[in-house]
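Heads up: the sequence shown begins at 2 in the working numbering, then just goes up one per residue.
Here a beta-carbon is modelled for each residue, glycine too, at the ideal position from N, C-alpha and C.
Quick caveat, the model's predicted, so the values are computed rather than measured.
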Amino acid sequence: MNRISRHRHYIWLALYAAFVFFAGGRWNIPLAAWLAPVFAIRFYRDSEHAWRGFLWIWLATALPTIAGWQGATFMSFVHPLAEPLFFLVMTPVALIPYILDRLYARRFAPSLWLTLVFPIAATAADFFSASGSPFGTFGATAYAQRDVTWLMQLASIGGIWVLTFVIYWFASVANYAWEQGRQWRRIRRVVLTYAGVLLLVVAFGAGRLALAQPAAQQPVVAGFSLALGQMNELLAQLGSGDADGFTTATRELHAEQLAQIRSAAQNGAQIVALQEGAGLGFTADVDAFLADAAALAQQEQIYIVLPTFAVDPTGDAQAENVVRIIDPAGATVLEHVKFGGTMFEGSLAGSGELQTVDTPYGRLSAVICWDADFPDIMRQAGAADVDLLFVPSNDWYEVRDIHAGMATFRAVENGMALFRQTGGGVSVVTD
2 MNRISRHRHY IWLALYAAFV FFAGGRWNIP LAAWLAPVFA IRFYRDSEHA WRGFLWIWLA
62 TALPTIAGWQ GATFMSFVHP LAEPLFFLVM TPVALIPYIL DRLYARRFAP SLWLTLVFPI
122 AATAADFFSA SGSPFGTFGA TAYAQRDVTW LMQLASIGGI WVLTFVIYWF ASVANYAWEQ
182 GRQWRRIRRV VLTYAGVLLL VVAFGAGRLA LAQPAAQQPV VAGFSLALGQ MNELLAQLGS
242 GDADGFTTAT RELHAEQLAQ IRSAAQNGAQ IVALQEGAGL GFTADVDAFL ADAAALAQQE
302 QIYIVLPTFA VDPTGDAQAE NVVRIIDPAG ATVLEHVKFG GTMFEGSLAG SGELQTVDTP
362 YGRLSAVICW DADFPDIMRQ AGAADVDLLF VPSNDWYEVR DIHAGMATFR AVENGMALFR
422 QTGGGVSVVT D
């Protein structure tokens, strides 16, 4: 490789690193997820030494990812070095598709079928890295398209993995055209095939949005969250051993929330939803809060979506992170225990079985925050024909846009509306 070619070679690597920074993380630009693999493939295929090239692409992936996702994963709460080390260790797994692409590209002549090797491998890597992971699908490639509603509709066909495949196939086709010198006679069959698929994707997404019918039931739903930082202050008080102060503060919080629920009901709300852990407190106080909420629901003739976080004052039992739906008769008609991420927060793990309840406003269901990161589990909502899924959540500043955007895909995949009342993050209503 001559000096000019070598310089150009590393330009592709630099462009790849730049696009990785903007792909899916805190400063997401949807187009970056399409362009990043184009230059990664080009760089690695042209690398004279496979292992040296792999080390370069490893760094060009890991370092921008560490910067672009800084503080956005739960690992950042474990230790300051846990998150960067996690990305450094896991990056080589995500790069296996590039190794396969290089091997096949050097062994076989360019063809339509060869363009499928990389997207199949990359989609498989994305899928299997999420399967069985305690983080769910956090970081999946398709989530980078969270602001492109017409593209998101593709998830209604085969989940986020179909969208992942289309993104990576673009990179493979772009490199096919690149290697053929962009000579139309040579590349038209492959390019037109992909263009045809992409046109169908655009038409499907645009059509699904344009032809969507309004919901048969349109209840008035209100939601509110705790003041920013209030949850952390209460948990810090609990952690410091100030049980009396924690009890007083949570009881005051419960009274304030009941007043807010009443106000929302008297202003026309038919369903009132709170954020994850809104009913924080010791077990006896949580039980009292639930009883008061049931009486309020009966008085105001409303449904209340009430998440609680009950702490055993003796410390003998695990905390319980639960969401309940209380009906206008004051009965608890749905109870769901959080199952996603409970190993990190130390709370009781739920079964992962979704519950539903039929109401005058359609069929309702509820999960909690991290639960929605597991599309395989969330498929239960689609199978049960849920009309409205409540996802009370609690996030933090760095992850707020990422996590809210991820949840919207569950609405697309399962053909339902979603109401995500969030503390410390972004609340979302989508259908």
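What are the boundary residues of the beta strand (DSSP E) that S132 is part of?
-> Against the sequence shown, residue 132 aligns to sequence position 131. Premise fails: S132 is in no beta strand (DSSP E) and is neither H nor E.
By a C-beta neighbour count over all protein chains shown, 10 Å radius and 16 as the cutoff for buried, is Y17 buried or exposed?
-> Translated into the one-based positions of the sequence shown, residue 17 becomes position 16. By the neighbour-count rule (16 or more Cβ atoms within 10 Å), Y17 is buried.
Are P38 and Q146 touching if we call contact CB-CB under 7 Å?
-> Looking up residue 38 in the sequence shown gives position 37. Looking up residue 146 in the sequence shown gives position 145. Result no, Cβ atoms of P38 and Q146 do not sit closer than 7 Å.
Taking the runs of the alpha helix (DSSP H) that are 4 residues or longer, which of them lie wholly in the region 94 to 169?
-> Those alpha helix (DSSP H) runs which fall completely within the region 94 to 169 and span 4+ residues are 97 to 108, 118 to 131, 150 to 153 and 156 to 159.
Compare the Cα-Cα distances from F119 to each of T248, G69, Y177 and F139 and report the closest residue.
-> One-based indexing of the sequence shown puts residue 119 at position 118. Out of T248, G69, Y177 and F139, Y177 has the C-alpha closest to the C-alpha of F119.
Under three-state DSSP, which class holds R364?
-> Taking the first residue of the sequence shown as position 1, residue 364 is located at position 363. The answer is strand: DSSP assigns R364 an E or B state.
Is the beta carbon of G280 less than 7 Å from the beta carbon of Q422?
-> Taking the first residue of the sequence shown as 1, we reach residue 280 at position 279. Taking the first residue of the sequence shown as 1, we reach residue 422 at position 421. No, they are not a contact pair.
Taking DSSP as the reference, what is the three-state secondary structure of I303?
-> Here residue 303 refers to the residue found at position 302 when the sequence shown is read from its first residue. Looking at I303 - three-state DSSP - the assignment turns out to be coil, as it is neither helix nor strand.
For the beta strand (DSSP E) containing R421, list its first residue and its last residue.
-> Residue numbering aside, residue 421 sits at position 420 when the sequence shown is read from its first letter. R421 -> beta strand (DSSP E) spans A418 to R421.
What do you get for H50, buried or exposed, if any count of 16 or more other CB atoms within 10 angstroms of its CB means buried?
-> On the sequence shown, position 49 is the one that residue 50 refers to. With a 10 Å radius around the Cβ and a threshold of 16 neighbouring Cβ atoms, H50 comes out exposed.
Proximity below 7 Å, CB of L14 to CB of W59 | In the sequence shown, counting from the first residue as 1, residue 14 sits at position 13. In the sequence shown, counting from the first residue as 1, residue 59 sits at position 58. Pairing L14 with W59 gives a Cβ-Cβ distance that is not under 7 Å.
Give the straight-line distance between the Cα atoms of P308 and G282, rounded to the nearest whole angstrom.
-> Taking the first residue of the sequence shown as position 1, residue 308 is located at position 307. Taking the first residue of the sequence shown as position 1, residue 282 is located at position 281. The alpha-carbon atoms of P308 and G282 are separated by roughly 12 Å.
Between the region 151 to 159 and the region 187 to 197, are three or more C-beta pairs nearer than 8 Å?
-> no
Check R27 in the structure and name its three-state DSSP category.
-> Within the sequence shown, numbered from 1, the residue matching residue 27 stands at position 26. Coil, per DSSP.
Quick one: Cα of H337 to Cα of A83, how far?
-> Working through the sequence shown from its first residue, we reach residue 337 at position 336. Working through the sequence shown from its first residue, we reach residue 83 at position 82. Their backbone Cα atoms lie some 31 Å apart in a straight line.
Nearest CA to the CA of L390: which residue from G406, R364, A405 and A265?
-> Along the sequence shown, read from residue 1 onward, the residue named residue 390 stands at position 389. Minimum Cα distance to L390 is reached at R364.
Within 6 Å: the Cβ of L14 and any heavy atom of the ligand COA?
-> The model on display carries no ligand, and the ligand COA is accordingly not part of it.
Excluding the 5 residues preceding and the 5 following Q319 in the sequence, name in chain order all residues of the same chain whose CB lies nearer than 7 Å to its CB.
-> As a working note, residue 319 is residue 318 in the sequence shown. Closer than 7 Å at Cβ, skipping near neighbours: G347, S348 and L349.
Is it true that the CB of S132 sits closer than 7 Å to the CB of V413?
-> Taking the first residue of the sequence shown as position 1, residue 413 is located at position 412. Taking the first residue of the sequence shown as position 1, residue 132 is located at position 131. No; because the gap between Cβ atoms is not below 7 Å, this pair is not in contact.
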